[in-house]
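Written out below as structure tokens is the structure these notes cover.
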Ligand code: AMP
Ligand code: GLY
């Protein structure tokens with residue numbers, strides 16, 4: 128079949144790389160794609176938020192499956208556009224409708240959903256401009272640190288953790304009354320701070336059945352030892368060594384099953400990925416956030432470990448037949464490190480030549496902010512390349528990835544040298 132993949136980051140390069148390996152895939156198009164996806168299929172210059180343009184392209188090129196990488200087109204109703212059009216409704220569409228995408232697109236919706244279905248998450252209340260004074264009183268009733276979340280999509284920047292009450296009250300006022308995140312912060316969720324370790328699990332679901340994909344841990348802060356500004360993610364490891372069968376069993380029973388069943392009970396059809404951002408606190412898992420997509424850079428460690436045919440799984444999900452499938456996952460470790468432009472996540476320069484890809488061994492480079500020009504590769508974003516290697520142990524995956532990272536070069540290149548290092552400490556099975 129012909130497949131259209133929406134998006135243009137490292138996650139989409141990893142998805143295109145995996146989709147391209149499927150015997151079910153005839154032609155692969157990526158909109159808009161990047162220099163990496165261009166190695167796996169044909170990049171198409173279409174804005175993924177332009178629903179009519181996406182729909183026309185699908186009809187013109189006889190595309191039978193659309194796979195959406197990022198959340199924004201889903202939250203903005205690309206799935207609804209397809210299901211609402213007579214000509215497009217039979218196209219296999221991997222990603223929820225805007226109703227399903229609200230589990231990522233609205234934090235207060237997600238919290239209500241979790242409460243309704245008894246899914247463990249931090250205690251919370253939500254506030255709007257009209258209830259700002261109650262919000263201030265609520266903050267005063269809590270102990271620090273304070274967690275404030277813009278309700279809507281805020282490009283990953285909408286969560287603010289404040290250490291003092293004064294800072295928290297000031298931030299709440301800015302979010303609600305000064306439009307700190309625009310429309311996204313017209314509602315703010317204030318929630319209990321959970322202490323613990325973070326990890327993520329992923330499933331693909333048809334809305335009734337699901338199959339687990341590999342777990343992962345990402346590294347969000349720009350600096351080593353988790354210091355400095357938050358980023359989209361500076362590296363990731365899969366599997367999560369401390370998530371043994373007991374913890375994974377708890378995650379499935381208390382979080383994954385009630386979430387998939389909850390969507391069904393709430394009459395929300397859902398075909399696609401769910402990414403559960405979790406905090407493990409006192410050995411118990413809590414949901415910090417849902418995402419309706421794979422993560423970036425998590426996809427760059429998950430997909431290399433997936434032995435099953437991703438297209439087959441996605442096709443089964445769209446046809447409501449996932450109960451007949453199970454994802455086969457390699458027992459090997461995968462580790463990815465992001466090579467970033469100097470200055471990221473703040474200001475950085477672009478257009479520097481990338482060299483050394485020919486020296487990469489036992490690993491894959493997934494391009495994120497890379498463009499190809501006159502046969503040269505140039506940096507074109509903050510996160511430039513995700514360098515991934517597999518290994519029989521975490522140490523082996525780490526050694527290979529870092530050897531490959533050192534082979535690549537561009538002016539101002541920065542990467543964290545400690546991805547996965549915290550996970551080498553044994554024993555792992557303390558949860
Ligand atoms: P999110 O954008 O929802 O993933 O939140 C960003 C980061 O904020 C998470 O990865 C956590 O590190 C942190 N965070 C969010 N909610 C909480 C919470 N209730 N307690 C502690 N940390 C949190
Ligand atoms: N790496 C986190 C995310 O994709 O949301």
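Residue numbers (my numbering): 128 to 558.
Yeah, the Cβ is synthetic: ideal placement off N, Cα and C, and Gly gets one too.
Query, Result
"Contact test: residue 353 Cβ vs the ligand GLY heavy atom, cutoff 7 Å", "no"
"CA-to-CA distance, residue 130 to residue 185, given in whole angstroms", "9 Å"
"Any residue whose CB is nearer than 5 Å to a heavy atom belonging to the ligand GLY, listed in chain order", "345, 360, 422, 423"
"Closer than 7 Å: residue 375 CB and nearest the ligand AMP heavy atom", "no"
"heavy atom of the ligand AMP below 7 Å from residue 320 C-beta", "yes"
"Beta-carbon contacts of residue 367 that lie in its chain and below 6 Å, excluding the five residues immediately before and after", "326, 342, 344"
"When 403, 294, 304, 207 are compared against residue 396, the one with the closest alpha-carbon", "207"
"Close Cβ partners of residue 426 (< 7 Å) along its chain, the five nearest in sequence each way excluded", "138, 141, 142"
"Extent of the continuous beta strand (DSSP E) to which residue 418 belongs", "411-418"
"Any non-hydrogen atom of the ligand AMP within 7 Å of residue 347 CB", "yes"
"Residue 348 versus residue 361: straight-line alpha-carbon distance, rounded", "7 Å"
"Stretch pair the stretch 248-267 + the stretch 205-225: three plus CB contacts closer than 8 Å", "no"
"Neighbourhood of residue 161 by C-beta, 8 Å cutoff - its chain only, sequence neighbours within 5 removed", "135, 136, 139, 140, 170, 494, 495, 496, 497, 498, 507"
"Buried or exposed by the 16-neighbour rule on C-beta atoms within 10 Å, applied to residue 446", "exposed"
"Sequence ranges, alpha helix (DSSP H) only - wholly within the stretch 235-304, length at least 4", "259-268, 292-304"
"Extent of the continuous alpha helix (DSSP H) to which residue 594 belongs", "Nothing about residue 594 can be read from this structure; the chain reaches only from 128 to 558."
"Residue burial classification, residue 231 (beta-carbon count within 10 angstroms, cutoff 16)", "buried"
"Any 3 or more C-beta pairs closer than 8 Å across the stretch 221-230 and the stretch 388-402", "yes"
"Residue 274 beta carbon near the ligand AMP (any heavy atom closer than 7 Å)", "yes"
"Any 3 or more C-beta pairs closer than 8 Å across the stretch 329-339 and the stretch 426-442", "yes"
"Cβ neighbours of residue 379 in the same chain (closer than 8 Å, five flanking residues each side left out)", "339"
"Candidates 518, 482, 153, of which the one nearest residue 460 by Cα", "518"
"Nearest residue (CA-CA) to residue 353, options 259, 191, 549, 292", "549"
"Identified DSSP bridge partners for residue 337", "332"
"Environment of residue 304 [buried if 16+ CB atoms lie within 10 Å]", "exposed"
"Where residue 223 sits in the DSSP three-state scheme", "coil"
"Residue 215 to residue 514 span [Cα, whole Å]", "37 Å"
"Neighbour-count burial assignment, residue 276, 16 or more Cβ in a 10 Å radius", "buried"
"Coil, strand or helix - residue 556 by DSSP", "Only weak support is given to the placement of residue 556: the predicted model assigns it a pLDDT of 48, under 50, and the value that follows is read from those uncertain coordinates. If DSSP states are grouped into helix, strand and coil, residue 556 belongs with coil."
"The beta strand (DSSP E) enclosing residue 543, as first and last residue numbers", "Here residue 543 belongs to no beta strand (DSSP E), and DSSP marks it neither H nor E."
"C-alpha gap between residue 321 and residue 357, whole angstroms", "18 Å"
"The stretch 473-481 / the stretch 144-151 touching (three or more Cβ pairs under 8 Å)", "no"
"Euclidean distance between Cα positions of residue 234 and residue 267", "22 Å"
"Contact check, residue 219 vs residue 364, beta carbons under 8 Å", "no"
"Sequence-distant residues of the same chain with beta carbon closer than 7 Å to residue 528, five excluded per side", "462, 463, 464, 490, 514, 515, 516"
"Residue 171 - DSSP class collapsed to helix/strand/coil", "coil"
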